[in-house]
Structures are given as structure tokens and as C-alpha cells.
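Q: Chains E and W are the protein sequences, given in the same order. Heads up: the first sequence runs through residues 317 to 802, numbered per my numbering. Heads up: the second sequence runs through residues 50 to 363, numbered per my numbering. Quick one: this structure, given as C-alpha cells, is what I'll be asking you about.
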Amino acid sequence: MTELTNWARYRSPTYDELIGPDGKPRPAARALTGYLSSLTAAELADRRLAAELAIKSLGITFTVYSEGRNVDRAFPFDVIPRTIERSEWDRTEAGLKQRVTALNCFIADIYGKQHIVRDGIFPGELLEKSVNFRPQCVGVRPAGDVWAHICGSDLVRDSDGTIYVLEDNLRVPSGVSYMLENRMVNKRVFPEIFESSTILPVDAYPAELYDMLANLSPRPADQPVIGLLTPGIFNSAYFEHCYLALQMGVELVEGPDLFVGDDDCCYMRTIYGPQRVDVLYRRIDDLFLDPEVFHPDSVLGVPGLMRAWRAGNVALANAPGAGVADDKVVYAYVPEMIRYYLQQDAILPNVPSYLCMREDDRRYVLDHIDELVVKPANESGGYGMLIGPRATKAERAAFAERLRADPRNYMAQPTLAISTAPTLTDDGIEPRHLDLRPFILAREEPYVTTGGLTRVAMTKDSLVVNSSQGGGAKDTWVVDLDEGGN
Amino acid sequence: MLSRTAENIYWFGRHLQRIENTARLVNVHAYLSLDLPRHVPLSWGSLVEILGAWPQFSTRYNQGSEAEVAHFLIADEQFPGSLRSTLSLARENLRATRETMPNDIWERVNELYALVSARGESVTYRRIRTDLLREVIDQCLMTVGMLVSNMSRGVPFQFLCLGLALEQADMTTRIIDVRSSGAVGDGQRDELTPFRTIQWMSVLKSLHAYQMYRREQRTRVSAPRVLSFLLHDRNFPRSVSCCLWAMQQTLPRLPEGHRVNEALTAVNDILQRSDVARLLADEDNAALGQVLDDIQLALGQVHNRIEQHFFQPD
Chain E
317 MTELTNWARY RSPTYDELIG PDGKPRPAAR ALTGYLSSLT AAELADRRLA AELAIKSLGI
377 TFTVYSEGRN VDRAFPFDVI PRTIERSEWD RTEAGLKQRV TALNCFIADI YGKQHIVRDG
437 IFPGELLEKS VNFRPQCVGV RPAGDVWAHI CGSDLVRDSD GTIYVLEDNL RVPSGVSYML
497 ENRMVNKRVF PEIFESSTIL PVDAYPAELY DMLANLSPRP ADQPVIGLLT PGIFNSAYFE
557 HCYLALQMGV ELVEGPDLFV GDDDCCYMRT IYGPQRVDVL YRRIDDLFLD PEVFHPDSVL
617 GVPGLMRAWR AGNVALANAP GAGVADDKVV YAYVPEMIRY YLQQDAILPN VPSYLCMRED
677 DRRYVLDHID ELVVKPANES GGYGMLIGPR ATKAERAAFA ERLRADPRNY MAQPTLAIST
737 APTLTDDGIE PRHLDLRPFI LAREEPYVTT GGLTRVAMTK DSLVVNSSQG GGAKDTWVVD
797 LDEGGN
Chain W
50 MLSRTAENIY WFGRHLQRIE NTARLVNVHA YLSLDLPRHV PLSWGSLVEI LGAWPQFSTR
110 YNQGSEAEVA HFLIADEQFP GSLRSTLSLA RENLRATRET MPNDIWERVN ELYALVSARG
170 ESVTYRRIRT DLLREVIDQC LMTVGMLVSN MSRGVPFQFL CLGLALEQAD MTTRIIDVRS
230 SGAVGDGQRD ELTPFRTIQW MSVLKSLHAY QMYRREQRTR VSAPRVLSFL LHDRNFPRSV
290 SCCLWAMQQT LPRLPEGHRV NEALTAVNDI LQRSDVARLL ADEDNAALGQ VLDDIQLALG
350 QVHNRIEQHF FQPD
């Protein structure tokens, strides 16, 4: 065993995904850690370099806007995978399916008869202040009453080992292409280990996504025409849009490629003339979708698209308005939704949450603001939140002021000691904090990716894993121990 | 097929061909400078002229030296015609068509872009530059080779061919144009006569045409024959005639492609009318310059027709 992989000296400040508190690898990680131990430090550095080269030549990038222009950044990638034991994953998967089913029941109910409000489970006044509630969607019935077709839920593990759902992304969740590419890179870099252990494959996603989209076609008899609607090459997730369109063999379209005719059908401009589009996997936010209905100056969207959607002539995934359920305050009600719609207990717990609109909760949050993470209801990407223990006194005071002014818009959670995994850094292998974003396709029998995208905070002690703020990624291995992987 | 996708593929072809020709042009020019006597100044500025880039060049550079021109044509980020900028455009074209174009092409162009970006600033050193440009030329040829070998001959491929052929026809006329604008100073006829031959050879080499010319003509290099070869030869793929023929072949496979035919015929008519002996008769090559301009304008019309018909319908 080399100095580098001497696990006995590896210490995580919290729960570690690969190494137990006794310094011994967990069962699902044993094959991996054994393999790593067989490499010298120089060999491991070589593999790391090979991964960087592969990422560069595959063009795995995300776009950031800096110094007045768009720059492509290679996605920071850690070669050491994160492992999950299959039995644990099966339970997680069941919890995610349950959750996405309940969320879709909720969205359909909210834009329909609102039983959950009338039965006093969910406070109706929350809707009035929700920035993601779209009155234009009330009364619409998308196929199968599914609104959030593609959901990305963020999971974290606390120091006691419990896996919590941190948030659900129901608008345009991104990252799945990195999950797929990470696996490809890891196969190039560590081909030996894939031969000797049972790591479940992740490649099915594009095909599953295609089938789900094709099923939404309003003209089921014909071969459906499917487009992926992207804001264009300046969007930070453009790489992913290309990647998915390519993998599914669908058209990658931008707003100006589409128009809605007098017949309320959506068409794309082709060299053969207009061609009708049946399904749009849209990666544009609601408010930019249709300048006739939302932002009138949006050039990304398609005038009349909402008209075509309401007439049932084009399916949109995710449906406009689905974001009403990924509000961080609405999030707190998900366990009750599961009970209300499915008559089940939630398999995956929420992080305990304090809603600042409730007087008791608000008082608690203000008194304990130095211990809590306080989040605005509708921000994503880790923006606009306060990490109490790490903020200065002045920052906390300023935040408390904003919270008092608009309590509906804030919620707070205890600061979790989120789990770590061994990560190759310039100083050797060190623990880094991470989360997991699985992707769920809502349909009659929901589909969940095998594992998901593991995002890791590359900076020591940092808890922020978002790529826009310096986070990276790891390949995620769901390891089947029963199939001789040990 | 989306009009925008077709447009991007067409432009990818144009950009790719432009990159290769520009790289070759700079390298051949450098070799030519080695062959000319010391007291005959070789104008590097003529390269800037070929690409019609004087206005952009003169605002930011002053000497028109080899180092400056090489930097401008290869590494300049603000000049949209530099290798680096053109590669970046080609990359954006591919990025917008990744679902249509073969996957490995993206990897290759991406790597080439990274290479030129990384090495670009050292191009003032001739040795580094020569290697870099050779690599660029090789990678471009390999990319075209991969596309020709691996891509189905459907509509996307036809747009690629249109772009490649139109750009080559245009670049061929521009490269011939160096001669008529006088890369080697005209006037001192007697002393420079031997070097004129070298220069026409360099025109051929800029188009990778020297060997094919020799096999076809089996005689020494002379201005009228070179000109005739590069404008009219039916077999050499970079001759203007051959490029026009290649474009013609794509039209039957494109929806209502015949609507572009008229513009192509117009270019052909100019070619047919131009008699090389007459073009080279006058002292300052004004007639040649005029015909090359006419061809370039007519090619511009072909481009406009393609754009109107396929990329901006209705």
C-alpha cells in the first residue's frame, strides 16, 4: 500500500461515502479502494492527466460569462468515483419515484380543482405569492396529467448517514449529460476495474428520455417530430442540450427556428419548408417561452407557443407552470403531499425546514440565524442564500432585515454536515463534500437514473457544489455486491 | 432538416476550407521569401490584401512585417479572418450541428482550436509557425477525409460540399490575385524574370497544385498555363471550374436546388469568356484583376442565392 492510499490516515470530518469511521473501506467501495491502492502516486497522477485530456478533447464544457464574454470552462472532474451500494440505491430509487408522483399530483391539482387547498393541507395564500405559479396554466390538462416530466432532485447525506432530499428541480434541471460523460471518462481512465466488478450501467437514460417524450405526441399514430428547444450557444448548459439532442437523434431547435401557424400548430423552418413539431423538450424558462403570454421582449421563445400547447397541438416537457412545486417553501409540504395523494409515508425524508411565514418558525430562525442555512424560495444555483455559521455578523443582520420584510420568500434549515468522499487534490487524496442529483422521468412507471450526478465541492471545507461556483463532478457507481463484485 | 442547421453545415465547410487555404498561403509565402534575393523586398502586406483585410490590419499594426502579418493572420483574436477566429467560428458551426455531424469531427476541431489558441502567440518565430501551420493543414485535410469517408451522402453532406467548393473557388481566385497585385514588385522586368517563375510556382504550391500541374502540363511553369490550369482545368479539384462542377453535382439532391443553377451558370459564363492569353497581355494585369473580381462577385451571388433559397425561406 502506498502512502497516497493509506486509508487508515484518511479522516473525514463527517460521514464519508467510501471510508468508514474505522478507516476501513465500506463494502461497495472495497474493489475500488483496493484498485487505487495498487496504483502508485505517479500512476494516479497520470490517470488524472488522462482524464483532463479526455474532457478537453470531448469538449465537455460549461459556459460562464466573465469579463464581458463567454468562456468555455472544462468541467472539473475528479477521477475517484463515488460508490453507492445497490441495496441502498434501490430504496432511494423507490423514494424518488414516490416523490415525483406526488409532486405531479400536486401540480395537476393546483392547476385544476385545488382539492389540497380546500382540504386545508396546503395554504392557498402561498400560491398568490409564488413567482412560479402561472395563472395562464389553470385549467390545462397535459397528457396523463403529468407536468414535471423530468425532475432532478438533490440528495445529501448528514453525518449520521441519513439521506435527505434537499430540493427538487422541476423547471429545467441540468447535469444529466455530465453524469453520462463522467462514466465515459472513467471507463477510459480506469478500464481495468470495470472488468472486475459489477458497476451498474447508466447509458439507458437518453433512450428512456426519448421514449418518454415520444409518448407525449399529440399525433400518436405517426412517427413523432421531437425538438429540444435551447436558448442557444450562450447558455451555460448548451453542451448538454447538444449532447442530449445528439444522443436521442432529435432536432436541436432555437426559438427563431419555430413558429406557430394560424391553425395553432407549431412548425419548424426546414429547407423543405415548414414541418410540424409534436413534442418540445424545452430548456428555456417559462417566462421566455412565449412573448405573447410572458416577457413580451423575449427573443428566445416562440410567439403563440402557449396557444399551441393549450390547444393540445404540441406537448411541452416540462409543462409550463411545473415550477410551482420547486419553490423551496412548497418543498416543505412534500411529505404531506405524499400522505395526501398517495396515502403513504415519505420514504426519503426532507431536511427539517422552518418556514418564515409561520410566526413560531420565524422567531426560531431569527434567534438561531447563526446556526441555520437560510434560503430564498425561488433561487437556484446556490445564489442568494445565507450560511449562518459562516457569515459575518453584519451579513446576518442584513439578511434578517430582508427576511422580516418578506417572510414568505424565506425558509431555513439546520446546517447539515454533508458527507464527503476521497477526492484527488494537489495535496493528495482528501475528503471533499458532495451531493447527488439523480434524474427522474415521470411517466406511468417512473424511471430513475442509476445513481446520478455527484457534484463535489473541490475547495477544502466548502459546502457549495454548484458548477457556477467552482464545483466539480465525480462518476457515480451503484455497485451490486450480490453479483460477485466483491 | 432545419434551415439553421443547413446553414451551419455550409459555413462549417467554408470555414474549414478557408483555414486550410490560409495556413497554406502563409507557409508558402514564407518559403518564397527564402528564395528571393535579399534586395527584392517580398511584400507580406499582399497576404493581408488577398483576404481584403487592410482596414482591420492598418488600425492596429504599423509595419506590415512578416512577424506582424503572421500574427494578424494566424493568432489575432479581433480579426475575424484569422486562423484562430475562423477556427472558433467553425467550432461554433459544429457546436450548433453536433446532433447532425459525425461526433469525432467535433473532437478533432476542438483539439485543433486548443492547439492554435495555445501556440498562437509564438507564431512570430518562423520555425514554430511552420510546424503549427503544417499541423493545421494536416488536421484540416484529415477532417475533410473523415467527413468524406464517414458521412452519409444525404442532404447535410450536400451542404457541406457546397460550402467546401464555394470557398475553394473563392480562395483560388484570391490566391491568383496575389500575382496580379504584385507580390514581387513589378517594373524591373529583366532582373526579376527568373523570380517570376518562382512566384507562379508559389501560387501553385499555395493550392497544393504544383505536382498535378506538372503531370498535366509536362512543361515548365509559365503564367498563362498556370492561370489556365487554376481557372479551367477539369480534373484538378481546386480549380475554379472543378469547384463549380462540384457545386452543380449537389443541386439535384437538394430541394428545388435548380433555383441556384442560374447563379452558377453566371460564374461559368465568365470563366468561358476569359481567355488567359489576353488576360496576361497588358503590363499591369488590369484585365486579369478585373476578371478575378468579376468571378468573386459572381461567387458572392451564388452564396446569396443559396442563403435566400435554403436558409431564409419565405
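C-beta: ideal position from N, C-alpha, C; glycine also. All values derive from a computational prediction rather than experimental measurement.
#1: Report the rounded CA-to-CA distance for Val416 of chain E versus Ala648 of chain E, giving the unit in angstroms.
#2: By DSSP's criteria, Pro341 of chain E is part of a beta bridge. Which residues make up the other side?
#3: My understanding is that Tyr326 of chain E touches Pro738 of chain E, with C-beta atoms under 8 angstroms, so please give their C-beta distance in whole angstroms.
#4: If you compare alpha carbons, which of W:Phe206, W:Ile154, W:Val185 and W:Arg63 is closest to Leu300 of chain W?
#5: Between the segment 52-79 of chain W and chain E, which residues of the former have CB atoms less than 7 angstroms from a CB of the latter, in chain order?
#6: Consider the Cβ of Pro540 of chain E: report whether some Cβ of chain W lies at a distance smaller than 9 angstroms.
#7: With a threshold of 16 other CB atoms inside 10 Å of the CB of Met191 of chain W, please say whether the residue is buried or exposed.
#8: In the DSSP assignment, what are the bridge partners of Tyr763 of chain E?
#9: When the distance is taken between beta carbons, is Ala312 of chain W closer than 9 angstroms to Val351 of chain W?
#10: For the alpha helix (DSSP H) that contains Pro286 of chain W, what are its first and last residues?
#11: Rounded to the nearest angstrom, how far is the Cβ of Gly786 of chain E from that of Thr775 of chain E, given a contact under 8 angstroms?
#12: At the level of alpha carbons, what is the spacing between Asp342 of chain W and Val316 of chain W?
#13: Would you give the residue range spanned by the alpha helix (DSSP H) that Glu401 of chain E belongs to?
#14: Measuring only the C-alpha atoms, how far is Glu56 of chain W from Phe360 of chain W?
#15: Just to confirm my understanding: we take Ala232 of chain W, look at its own chain, exclude 5 residues before and 5 after, and list those with CB closer than 6 angstroms. What are they?
#16: CB of Met653 of chain E to nearest heavy atom of the ligand NAD: below 8 angstroms?
#17: Measure the alpha-carbon distance for Asp613 of chain E versus Gln729 of chain E and round it to whole angstroms.
#18: Do you know how far the Cα of Leu616 of chain E is from the Cα of Arg718 of chain E?
#19: Tell me, which residues are paired with Glu483 of chain E by DSSP?
#20: Can you grab the Cα-Cα spacing for the pair Gly113 of chain W / Lys790 of chain E, in whole Å?
#21: What is the rounded straight-line gap between the Cα of Arg322 of chain W and the Cα of Ala295 of chain W?
#22: For Met673 of chain E, which residues of its own chain have a beta-carbon under 6 angstroms away from its beta-carbon, when the five flanking residues on both sides are left out?
#23: Give the range of the beta strand (DSSP E) segment to which Met495 of chain E is assigned.
#24: Touching or not, the segment 631-650 of chain E and the segment 453-462 of chain E, by the rule of three or more beta carbon pairs under 8 angstroms?
#25: In the structure shown, what three-state DSSP assignment does Ile515 of chain E receive?
#26: Return the chain-ordered ranges of every alpha helix (DSSP H) run that is complete within the segment 407-456 of chain E and spans a minimum of 4 residues.
#27: Just the chain W side, please: which residues come within less than 7 angstroms of Ser493 of chain E by C-beta, in chain order?
#28: Output the distance between the C-alpha atoms of Ala624 of chain E and Phe755 of chain E, rounded to the nearest integer angstrom.
#29: Since Pro304 of chain W and Ile587 of chain E are thought to touch, with beta carbons under 8 angstroms apart, how far apart are those beta carbons, to the nearest angstrom?
#30: Assuming Met150 of chain W and Ile58 of chain W are in contact, meaning their beta carbons sit under 8 angstroms apart, how far apart are those beta carbons, in whole angstroms?
#31: According to the neighbour-count rule (16 or more other Cβ atoms, all chains shown, within 10 Å of its Cβ), is His684 of chain E buried or exposed?
#32: Mind checking the segment 564-579 of chain E against chain W and listing, in chain order, the residues whose C-beta falls within less than 9 angstroms of any C-beta there?
#33: Taking only the alpha-carbon atoms, compute the straight-line gap between Val252 of chain W and Ile225 of chain W and give it to the nearest angstrom.
#34: Using the Cα positions of Tyr763 of chain E and Gln217 of chain W, report the straight-line distance between them to the nearest angstrom.
#35: Am I right that Glu497 of chain E and Leu664 of chain E are in contact with their C-beta atoms under 8 angstroms? What's the rounded C-beta distance?
#36: May I ask you to report which of helix, strand or coil DSSP gives His281 of chain W?
A: Quick answer:
#1: Here residue 416 of chain E corresponds to residue number 100 of the first sequence, with the count starting at 1. Here residue 648 of chain E corresponds to residue number 332 of the first sequence, with the count starting at 1. The straight-line gap from Cα to Cα measures roughly 14 angstroms.
#2: By one-based count along the first sequence, residue 341 of chain E stands at place 25. DSSP output for Pro341 of chain E lists E:Ile335 as bridge partner(s).
#3: The sequence position of residue 326 of chain E within the first sequence is 10, counting from 1. The sequence position of residue 738 of chain E within the first sequence is 422, counting from 1. Right, their Cβ atoms sit about 6 angstroms apart.
#4: In the second sequence, counting from the first residue as 1, residue 300 of chain W sits at position 251. Ranking the options by Cα distance to Leu300 of chain W, first place goes to W:Phe206.
#5: Ser52, Arg53 and Ala55
#6: Here residue 540 of chain E is taken as the residue at index 224 of the first sequence, counted from 1. Judged by the 9 angstroms Cβ criterion, Pro540 of chain E is not in contact with chain W.
#7: Within the second sequence, numbered from 1, the residue matching residue 191 of chain W stands at position 142. Per the 10 Å Cβ criterion, exposed.
#8: Translated into positions along the first sequence, residue 763 of chain E becomes position 447. The partner list for Tyr763 of chain E (beta bridge, DSSP) reads E:Leu757.
#9: Within the second sequence, the letter at position 302 stands for residue 351 of chain W. Within the second sequence, the letter at position 263 stands for residue 312 of chain W. Yes; because the gap between Cβ atoms is below 9 angstroms, this pair is in contact.
#10: Position 237 of the second sequence, counted from the first residue, corresponds to residue 286 of chain W. Pro286 of chain W -> no alpha helix (DSSP H), and no H or E assigned at all.
#11: Residue 786 of chain E sits at position 470 when you count from the first residue of the first sequence. Residue 775 of chain E sits at position 459 when you count from the first residue of the first sequence. Confirmed, Cβ separation roughly 6 angstroms.
#12: Reading the second sequence from its first residue, position 293 is the one you call residue 342 of chain W. Reading the second sequence from its first residue, position 267 is the one you call residue 316 of chain W. Taking the straight line from one Cα to the other gives about 11 angstroms.
#13: Locating residue 401 of chain E in the first sequence gives position 85, where the first residue counts as 1. Here Glu401 of chain E belongs to no alpha helix (DSSP H); instead the beta strand (DSSP E) covers Phe393 to Glu401.
#14: On the second sequence, residue 56 of chain W is found 7 positions in, with the first residue counted as 1. On the second sequence, residue 360 of chain W is found 311 positions in, with the first residue counted as 1. Rounded to whole angstroms, Glu56 of chain W to Phe360 of chain W spans 6 angstroms at the Cα level.
#15: Position 183 of the second sequence holds residue 232 of chain W. Note that Ala232 of chain W scores 44 on pLDDT, short of 50, meaning its location in the model is unreliable; the coordinates nonetheless yield the value given after this. Ser92 and Ser95, listed in sequence order.
#16: Inclusion of the ligand NAD in the displayed structure is not the case, the ligand content being empty and no account of it being possible.
#17: Against the first sequence, residue 613 of chain E aligns to sequence position 297. Against the first sequence, residue 729 of chain E aligns to sequence position 413. Going from the Cα of Asp613 of chain E to the Cα of Gln729 of chain E covers about 37 angstroms.
#18: The sequence position of residue 718 of chain E within the first sequence is 402, counting from 1. The sequence position of residue 616 of chain E within the first sequence is 300, counting from 1. Approximately 32 angstroms, taken between the alpha carbons.
#19: For the purposes of this step, residue 483 of chain E is taken as residue 167 along the first sequence, with counting starting at 1. Paired residue(s): E:Asp470.
#20: In the second sequence, residue 113 of chain W corresponds to position 64, counting from 1. In the first sequence, residue 790 of chain E corresponds to position 474, counting from 1. Those two C-alpha atoms are separated by around 50 angstroms.
#21: Counted from its first residue, the second sequence places residue 322 of chain W at position 273. Counted from its first residue, the second sequence places residue 295 of chain W at position 246. Whole-angstrom Cα-Cα distance: 20 angstroms.
#22: The residue labelled residue 673 of chain E in the question sits at position 357 within the first sequence. Excluding sequence neighbours, Met673 of chain E sits near Pro723 and Arg724.
#23: If you number the first sequence from 1, residue 495 of chain E lands on position 179. Run containing Met495 of chain E: none in the beta strand (DSSP E); it sits in the alpha helix (DSSP H), Val492 to Val505.
#24: yes
#25: If you number the first sequence from 1, residue 515 of chain E lands on position 199. Strand.
#26: 431-434 and 441-445
#27: The sequence position of residue 493 of chain E within the first sequence is 177, counting from 1. Result: empty, since nearest Cβ-Cβ is about 11 angstroms, beyond 7 angstroms.
#28: Taking the first sequence and counting its residues from 1, the one referred to as residue 624 of chain E is at position 308. Taking the first sequence and counting its residues from 1, the one referred to as residue 755 of chain E is at position 439. Cα-Cα distance, rounded: 28 angstroms.
#29: Locating residue 304 of chain W in the second sequence gives position 255, where the first residue counts as 1. Locating residue 587 of chain E in the first sequence gives position 271, where the first residue counts as 1. Right, the Cβ-Cβ distance comes to about 6 angstroms (below 8 angstroms), so this counts as a contact.
#30: Within the second sequence, residue 150 of chain W is the residue found at index 101, counting from 1. Within the second sequence, residue 58 of chain W is the residue found at index 9, counting from 1. Contact flag correct, Cβ pair sits at about 7 angstroms.
#31: Residue 684 of chain E sits at position 368 when you count from the first residue of the first sequence. Exposed, by the Cβ-count rule.
#32: Met564, Gly565, Val566, Glu567, Leu568, Val569, Glu570, Pro572 and Asp573
#33: Here residue 252 of chain W is taken as the residue at index 203 of the second sequence, counted from 1. Here residue 225 of chain W is taken as the residue at index 176 of the second sequence, counted from 1. Each residue's alpha carbon lies about 7 angstroms from the other.
#34: For this step, residue 763 of chain E is matched to residue 447 along the first sequence. For this step, residue 217 of chain W is matched to residue 168 along the second sequence. Going by the C-alpha atoms only, they are around 50 angstroms apart.
#35: Against the first sequence, residue 497 of chain E aligns to sequence position 181. Against the first sequence, residue 664 of chain E aligns to sequence position 348. Not really, about 27 angstroms apart at Cβ, beyond 8 angstroms.
#36: Position 232 of the second sequence, counting from 1, holds the residue named residue 281 of chain W. Three-state DSSP puts His281 of chain W in a helix.
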